[in-house]
Each structure stands twice: as structure tokens, then as C-alpha cells.
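*Asks:* Below is a structure I'd like to ask you about.
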Amino acid sequence: MQEFHCKIYQDYTISIPTHIRQILSILPNDEIIITVNNENQIIIETVKSKLQHIQHDIKKFFHNKSIVDDFIKNKHKDFDDEQ
Numbered sequence: 020m021q022e023f024h025c026k027i028y029q030d031y032t033i034s035i036p037t038h039i040r041q042i043l044s045i046l047p048n049d050e051i052i053i054t055v056n057n058e059n060q061i062i063i064e065t066v067k068s069k070l071q072h073i074q075h076d077i078k079k080f081f082h083n084k085s086i087v088d089d090f091i092k093n094k095h096k097d098f099d100d101e102q
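My numbering numbers the first residue of the sequence shown as 20 and each following residue consecutively.
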């Protein structure tokens, strides 16, 4: 684990060091997600990275099957249940 020091300015903006921005591939105007865990630690992720993790988790859940096929199958099933 690497540790970096950042500065918080009077207007509460945070300066993220260049090395961290490079590691996370953060570009100007990119959106990031900041999460505070139960131990009050901050986790910074890019939206792109977060989406990739979610997609990976979904693929694991569906065992690499087509998510669209499963959605359509369940949609028809739900529709049939309503009738």
C-alpha cells in the first residue's frame, strides 16, 4: 500500500497528487467516486473503474451467460404471471 499526502484548501477542494492521478488514470473533468468505509477510510475510484467492477460481478453472477437472454426470459415469465 502506498501513502500520499494531499492538501485541503480553504474552499475545501482537495489537491490529488499527480502520481495518484496517473495510477487511477484520472483526467481533467473525469468523475470519481469517493467512498468512506466503516473505519472512516476514503476510497477513490473512477466511474470507469467502478463500472468495470460491477460488470465483472454481474458476469460472475450470470456465469458468463447472456444477461440480455436472461432478462428477456424473465420478462416474459413476469408478464405471464400477471395474466
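Using N, Cα and C, we set each Cβ at its ideal position, and we do this for glycine too.
Secondary structure at Thr32, three-state DSSP: helix, strand or coil?
*Replies:* As a working mapping, residue 32 is identified with position 13 in the sequence shown. Three-state DSSP puts Thr32 in coil, outside helix and strand.
*Asks:* What are the residues that DSSP puts in a beta bridge with Thr65?
*Replies:* Position 46 of the sequence shown holds residue 65. Its beta-bridge partners are Ile51.
*Asks:* CB Ile52 to CB Thr65, shorter than 9 Å?
*Replies:* For the purposes of this step, residue 52 is identified with residue 33 of the sequence shown, where counting begins at 1. For the purposes of this step, residue 65 is identified with residue 46 of the sequence shown, where counting begins at 1. Yes, they are a contact pair.
*Asks:* Tell me whether the beta-carbon of Ile63 lies closer than 9 Å to the beta-carbon of Ile27.
*Replies:* Translated into the one-based positions of the sequence shown, residue 63 becomes position 44. Translated into the one-based positions of the sequence shown, residue 27 becomes position 8. No; because the gap between Cβ atoms is not below 9 Å, this pair is not in contact.
*Asks:* Classify Lys84 as helix, strand or coil using the three-state DSSP reduction.
*Replies:* Counted from its first residue, the sequence shown places residue 84 at position 65. Here Lys84 sits in coil by DSSP.
*Asks:* The alpha helix (DSSP H) spanning Gln41 covers which residue range?
*Replies:* Locating residue 41 in the sequence shown gives position 22, counting from the first residue. From DSSP, the alpha helix (DSSP H) with Gln41 extends over 37 to 43.
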